[in-house]
Amino acid sequence: MVNHKRRKRLLKLLAEHQTASVPQLVEWLSASPATVRRDISWLAARNLLTRTRGGAANLAQKKRNLTLTSETFEHNIQCFADRKRAIARYAAGMCEEGETIVINGGTTTFMMADFLVDKHLKILTNSFLMAERLLLSSENEVILPGGKVYREQNVILSPFDNDITQHHYAAKMFMSVYGLSLLGLMEADPLLIQAEKRLIGQAEELIVLADSSKFAKKAGLILCGLDRVSCVITDTYASDAAVQLLEQSGVKVVTVQPEAVPTQVGSLQFSHGFDFPASSLFHPEAAH
Numbered sequence: 001m002v003n004h005k006r007r008k009r010l011l012k013l014l015a016e017h018q019t020a021s022v023p024q025l026v027e028w029l030s031a032s033p034a035t036v037r038r039d040i041s042w043l044a045a046r047n048l049l050t051r052t053r054g055g056a057a058n059l060a061q062k063k064r065n066l067t068l069t070s071e072t073f074e075h076n077i078q079c080f081a082d083r084k085r086a087i088a089r090y091a092a093g094m095c096e097e098g099e100t101i102v103i104n105g106g107t108t109t110f111m112m113a114d115f116l117v118d119k120h121l122k123i124l125t126n127s128f129l130m131a132e133r134l135l136l137s138s139e140n141e142v143i144l145p146g147g148k149v150y151r152e153q154n155v156i157l158s159p160f161d162n163d164i165t166q167h168h169y170a171a172k173m174f175m176s177v178y179g180l181s182l183l184g185l186m187e188a189d190p191l192l193i194q195a196e197k198r199l200i201g202q203a204e205e206l207i208v209l210a211d212s213s214k215f216a217k218k219a220g221l222i223l224c225g226l227d228r229v230s231c232v233i234t235d236t237y238a239s240d241a242a243v244q245l246l247e248q249s250g251v252k253v254v255t256v257q258p259e260a261v262p263t264q265v266g267s268l269q270f271s272h273g274f275d276f277p278a279s280s281l282f283h284p285e286a287a288h
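Start counting the sequence shown at 1; every next residue gets the next number (UniProt numbering).
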């Protein structure tokens, strides 16, 4: 077995069993004890597993060196799914045939994919999961920016200002946000701010998909002011006071009634065995 495939398999086994001894790994991987020990040392040096006496252990999720501080996509998609689905349906209905649109990586925006099946749009998105869903279920043209994949949050982010997004103009941008207040749209992570500002700059209209829980969430980073927002789509649980304040700031507000959620929505299954850059497995070192 080639080095990177064997190491990937080793990490998957640890994700399933949490711990394993060298003899167990030798049997599972059909490799020699010396090879297994070298793989353990190589992966431990890159903070991808924990060495133990006589074997290795899966690196606890909380100890992994994740750059993004926001909550996981898997966790968020299960929260207020009935509200998010209704908001996503309305947002998809705002798209006109042939338009170029931008959709950012969020759980509410992800649900738009179910309602874009019969559309013919050009869609720029930094959500690889949405891109996959659209490619499998629709005839929409899908464009992905380059960058690093953050699997936990289901986004692709580039650290460079000069990326593919600057070459695309969109009639509308649909985005989810961490929080919403009179100060504007709020996010919890600087990397998300950097990437989303670039996306916002390429769209004529900014349409925010925010279930009513977002009005109570506060974060330390402001993405943009309300003067940049064309429309906010929320649900009927939003308070009258919150809606009125947005409208007084010149933002159009649409409230929708929550709807029943199919069983497959809000119960996506993800493997946590590979929450690291895949490129780290292809280190140019001599083969053992």
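Just so you know, even glycine gets a beta-carbon here, dropped at the ideal spot from N, CA and C.
**Report entry** Proximal residues to A20 (C-beta, below 7 Å), its chain only, five neighbours per side dropped
**Finding:** As a position in the sequence shown, residue 20 is number 20, starting the count at 1. Around A20: L13, L14, G55, A56.
Requested in this report: Taking all protein chains shown into account, decide if D118 is buried (16 or more other Cβ within 10 angstroms of its Cβ) or exposed.
Outcome: As a first step, residue 118 must be located in the sequence shown, where it is residue number 118. The residue in question, D118, is exposed, as its Cβ has fewer than 16 Cβ neighbours within 10 Å.
Query raised in the report: Which parts of the segment 23-52 are runs of the beta strand (DSSP E), unbroken and 3 residues or longer, counting only runs that do not cross its ends?
Result: 49-52
Requested in this report: Tell me where the beta strand (DSSP E) around G179 begins and ends.
Outcome: If you number the sequence shown from 1, residue 179 lands on position 179. G179 -> beta strand (DSSP E) spans 179-181.
Query raised in the report: Could you give the C-beta distance for Y169 and T125, rounded to a whole number, given that I count them as a contact under 8 Å?
Result: The residue labelled residue 169 in the question sits at position 169 within the sequence shown. The residue labelled residue 125 in the question sits at position 125 within the sequence shown. Incorrect: roughly 15 Å between the Cβ atoms, too far for contact.
Query raised in the report: Since I207 sits in a beta bridge, which residues does DSSP pair it with?
Result: Along the sequence shown, read from residue 1 onward, the residue named residue 207 stands at position 207. Its beta-bridge partners are F174, C231.
**Report entry** Given K214 as reference, the closest of A242, I123, E204, Q202 once Cα atoms are compared
**Finding:** Position 214 of the sequence shown, counted from the first residue, corresponds to residue 214. If we check each option's Cα against that of K214, A242 comes out closest.
**Report entry** Helix, strand or coil at A242 according to DSSP, with G and I counted as helix
**Finding:** On the sequence shown, position 242 is the one that residue 242 refers to. If DSSP states are grouped into helix, strand and coil, A242 belongs with the helices.
Report task. Evaluate the contact criterion for the segment 131-150 versus the segment 169-183: three or more CB pairs, one atom per stretch, below 8 Å. Result -> no
Requested in this report: Enumerate in chain order the residues of its own chain whose CB-to-CB distance from G105 is below 6 Å, with the five nearest sequence positions on each side excluded.
Outcome: Position 105 of the sequence shown, counted from the first residue, corresponds to residue 105. Cβ neighbours of G105 beyond the five flanking positions: N126, S127, N154, V155.
Query raised in the report: What's the call for P145, buried or exposed, on a 16-neighbour Cβ count within 10 Å?
Result: One-based indexing of the sequence shown puts residue 145 at position 145. So P145 ends up on the buried side.
Query raised in the report: Secondary structure at M186, three-state DSSP: helix, strand or coil?
Result: Working through the sequence shown from its first residue, we reach residue 186 at position 186. In this structure, M186 counts as strand in the three-state DSSP scheme.
Report task. Tell me whether the beta-carbon of T234 lies closer than 9 Å to the beta-carbon of V261. Result -> In the sequence shown, the residue the question calls residue 234 occupies position 234. In the sequence shown, the residue the question calls residue 261 occupies position 261. No, the pair does not count as a contact, with Cβ atoms beyond the cut-off.
Query raised in the report: If we ignore side chains and look at the alpha-carbon of each, how far apart do M173 and M111 end up?
Result: Residue numbering aside, residue 173 sits at position 173 when the sequence shown is read from its first letter. Residue numbering aside, residue 111 sits at position 111 when the sequence shown is read from its first letter. Answer to the nearest angstrom: the Cα atoms are 15 Å apart.
Report task. Figure out for me which residue from E204, Y150, M186 has the closest Cα to the Cα of A216. Result -> The residue you call residue 216 lines up with position 216 of the sequence shown. For the residues E204, Y150, M186, the minimum Cα distance to A216 belongs to M186.
**Report entry** L183 versus A45: straight-line alpha-carbon distance, rounded
**Finding:** The residue given as residue 183 occupies position 183 in the sequence shown. The residue given as residue 45 occupies position 45 in the sequence shown. Between L183 and A45, the C-alpha separation is close to 44 Å.
Query raised in the report: Going by other Cβ atoms of all chains shown within 10 Å of its Cβ, with 16 needed for buried, is S239 buried or exposed?
Result: By 1-based counting over the sequence shown, the position of residue 239 is 239. Exposed, by the Cβ-count rule.
**Report entry** Proximity of K122 and E141 at Cβ, strictly below 9 Å
**Finding:** In the sequence shown, the residue the question calls residue 122 occupies position 122. In the sequence shown, the residue the question calls residue 141 occupies position 141. Result yes, Cβ atoms of K122 and E141 sit closer than 9 Å.
Query raised in the report: Mapping DSSP to helix, strand and coil, what is S267?
Result: Position 267 of the sequence shown holds residue 267. Bear in mind that a pLDDT of 44 at S267, under 50, signals an unreliable position, so the number given afterwards is only what the model happens to contain. The answer is coil: DSSP assigns S267 none of H, G, I, E or B.
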